[in-house]
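Q:
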Amino acid sequence: MLRILALKNTRLWILVVALSGAPISMVSADSSRADNRTEVNAAQQAITQLIDQFVASWNLHDAKKLSELFAVDGDFIGITGSKWDNPAKIYQVHSELFKGRYDKSVYAISGVPQINLVSPDVAIVHWRWSIKDVRDDSGKVMPPYSGIFTWVLVRSNSNWKVRSAQNNTITQP
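The sequence shown lines up with residues -29 to -1, 1 to 144 when you count with mature numbering (1 follows the signal peptide of the UniProt record, and there is no 0).
#1: Around the Cβ of Pro58, are there at least 16 other Cβ atoms within 10 angstroms (buried) or fewer (exposed)?
#2: Can you list, in chain order, the residues of its chain whose CB lies under 8 Å from that of Ile18, leaving out five sequence neighbours each side?
#3: Can you tell me where the beta strand (DSSP E) holding Lys103 begins and where it ends?
#4: Roughly how many angstroms lie between the CA atoms of Thr121 and Lys54, to the nearest whole one?
#5: Closest to Tyr78 by CA distance: which of Ile61, Lys70, Leu88, Arg99 is it?
#6: Curious, which full-length alpha helix (DSSP H) runs of at least 4 residues does the stretch 39 to 78 contain?
#7: Spatial neighbours of Arg134 within its chain, please: CB distance less than 6 Å, with the 5 preceding and 5 following residues excluded, ordered by chain position.
#8: Just the C-alpha distance for Asn12 and Lys60, rounded to the nearest angstrom, thanks.
#9: Comparing the CB of Arg99 with every heavy atom of the ligand MG, is any distance shorter than 7 Å?
#10: Residues in its own chain within less than 8 Å of Asp92 by CB, not counting five upstream and five downstream?
#11: Using 10 angstroms around the beta-carbon of Ala27, count the other beta-carbons present and answer buried if the total reaches 16, otherwise exposed.
#12: Could you check how far apart the C-beta atoms of Tyr62 and Ser90 are, in whole angstroms? I think they sit under 8 Å.
#13: Tell me whether Ile119 sits in a helix, a strand or coil according to DSSP, three-state version.
#14: Could you pull out every residue in the same chain whose Cβ sits closer than 8 Å to the Cβ of Arg72, ignoring the five residues on either side in sequence?
#15: Going straight from the alpha carbon of Thr142 to that of Gln20, what length do you get?
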């Protein structure tokens, strides 16, 4: 003989009690967990694509495409500590960079991005990068170097955008 003892939230817990003295077992039929995993996986894929779009825009030296990855109120703190408060300024600065020392630079993702969903529409992402073919002030190609981005992302109308980006170079001790 079976008895349903609890129905809690959207989780269905069935407690099976065998009156004959058999052991008690608990079974979870939680469809919301599966739905949540699907949403998380979809968000992670979309965020990974956003990172790929950033790298592709950089490697095309396309400041317009790069700036379009940012939210309307998005900001960017560069490796020198300079802060640009909106996509128009991000576009302007990167346009100049791509005309100068970064005109032949090649950006790459290093490793697997760490994606933390704070809520269904907000994520914090850390991802490492490397860059080569950057020139110094005299025009000489510098050795490759690497860094790490911290992004705060927001989702609006199913689209992820960078709300805030902090870029740091990694120095070896």
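Every residue gets a Cβ at the ideal spot worked out from N, C-alpha and C, and that includes glycine.
A: So, from the listed chains and residues:
#1: By the neighbour-count rule (16 or more Cβ atoms within 10 Å), Pro58 is buried.
#2: Excluding sequence neighbours, Ile18 sits near Pro84, Ile86, Ala94, Val96, Leu124, Trp131.
#3: For Lys103, the enclosing beta strand (DSSP E) covers residues 93 to 103.
#4: Straight-line spacing of the CA atoms in Thr121 and Lys54 works out to 14 Å.
#5: Ranking the options by Cα distance to Tyr78, first place goes to Arg99.
#6: Within the stretch 39 to 78, the complete alpha helix (DSSP H) runs of at least 4 residues are 58 to 70.
#7: Within the same chain, Arg134 has close Cβ partners Ala42, Gly45, Val123, Val125.
#8: If I take the Cα positions, the gap works out to 33 Å.
#9: As presented, the structure is devoid of all ligands, the ligand MG included, so that no description of it is given.
#10: In the same chain as Asp92, and ignoring 5 residues on each side of it, the C-beta atoms closer than 8 Å to its own belong to Val125, Arg126, Ser127, in chain order.
#11: Flag for Ala27 reads exposed.
#12: At roughly 29 Å, the Cβ-Cβ gap does not stay under 8 Å, so Tyr62 and Ser90 are not in contact.
#13: In the structure shown, the three-state DSSP call for Ile119 is strand.
#14: Closer than 8 Å at Cβ, skipping near neighbours: Val105, Arg106, Asp107, Asp108.
#15: The alpha-carbon atoms of Thr142 and Gln20 are separated by roughly 27 Å.
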